[in-house]
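Mapping the sequence shown onto my numbering, position 94 (from 1) lands on 175, and the numbers just tick up by one. These notes concern the structure reproduced below.
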Amino acid sequence: MSGSDRLILETKNADVTRALGRLLGTVLKAGDVVALTGELGAGKTCLTQGIAEGLGISGEYRITSPTFTLVNEYPGRLTLYHVDVYRLAGQADLYDLGFDEFSEGRGVVVIEWAEKIRESVPEGALWIFLSYVDDATRRIEIAAPEEIPCKNDLVELCNRTP
């Protein structure tokens, strides 16, 4: 990850983490890949729930981590391919899932535990690193090869939250 633009934010609770994801979801385009990293419980799925909302995915879908199914697909403004690679044995397993097909630009791909498949993550991916500050607060570092979309709005969202 050698992003040319970086942003470090803190979210004070899960609602703000979800709102941050929602804001990102509104600006993502077909073919975008979001690579999420962070400890268990750091907020990867919470952020993905927000991204799904921003992509216009109906509330009838319950966005959960696809730890056992490995890939969940949700229709919205763009299709969301939510991938969890935690249980994959290696790179080959990723392609057995059809990763090359759903990452070809028809929707948005969000990958949880992306550090496990770093070599397979497309070069233009938006990397998001989530870490604990305390029980509720998360440090979120975003790295992108170009300017981070809606950067000022993301900063404003985190700054106005009590």
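From the three backbone atoms N, C-alpha and C, an ideal C-beta is built for every residue, glycine too.
Proximity of residue i and residue j at Cβ, strictly below 8 angstroms
i, j, result
"E61", "P226", "Residue 61 cannot be examined here, being either before or after the span of the chain that is shown, 82 to 243."
"E193", "D165", "yes"
"M191", "I132", "Just to set this straight, residue 191 is Val in the shown sequence, not Met. Closer than 8 angstroms, so yes."
"L161", "I138", "yes"
Rounded separation between residue i and residue j - CA only
i, j, result
"R241", "I221", "16 angstroms"
"R143", "V236", "28 angstroms"
"A100", "Y176", "31 angstroms"
"G157", "G106", "11 angstroms"
"G102", "A111", "16 angstroms"
"S184", "N94", "31 angstroms"
"F210", "G122", "13 angstroms"
"G140", "T148", "21 angstroms"
"L200", "T118", "The sequence shown places Glu at residue 200, not Leu. Taking the straight line from one Cα to the other gives about 14 angstroms."
"G188", "R87", "24 angstroms"
"R219", "S212", "6 angstroms"
"G124", "G186", "25 angstroms"
"G84", "T145", "Because G84 sits at a pLDDT of 44, beneath the cut-off of 50, its placement in the model cannot be relied upon, and the following sentence gives the value as read from the coordinates. About 28 angstroms."
"I223", "L104", "13 angstroms"
"D234", "L109", "14 angstroms"
"I229", "T126", "20 angstroms"
"Y167", "V202", "14 angstroms"
"L90", "A217", "14 angstroms"
Presumed contact (8 angstroms Cβ cut-off) between residue i and residue j, rounded CB distance
i, j, result
"L136", "L159", "5 angstroms"
"C239", "T92", "6 angstroms"
"V97", "L207", "Contact doesn't hold; Cβ gap of about 19 angstroms is too wide."
"L178", "L151", "6 angstroms"
In DSSP terms, what residue i is bridged to
i, result
"L175", "According to DSSP, which records beta bridges pairwise, L175 is partnered with nothing at all."
"L169", "Answer is none; L169 lacks a bridge partner."
"G188", "T160"
"L88", "I223"
Worksheet item: What residue ranges within the region 92-162 form continuous alpha helix (DSSP H) runs of no fewer than 4 residues, ordered along the chain?
Response: Here the runs fully enclosed are 95-108, 125-135.
Worksheet item: Along the chain, which unbroken stretches of the beta strand (DSSP E) at least 3 residues long are found entirely within the region 191-231?
Response: 207-213, 219-225
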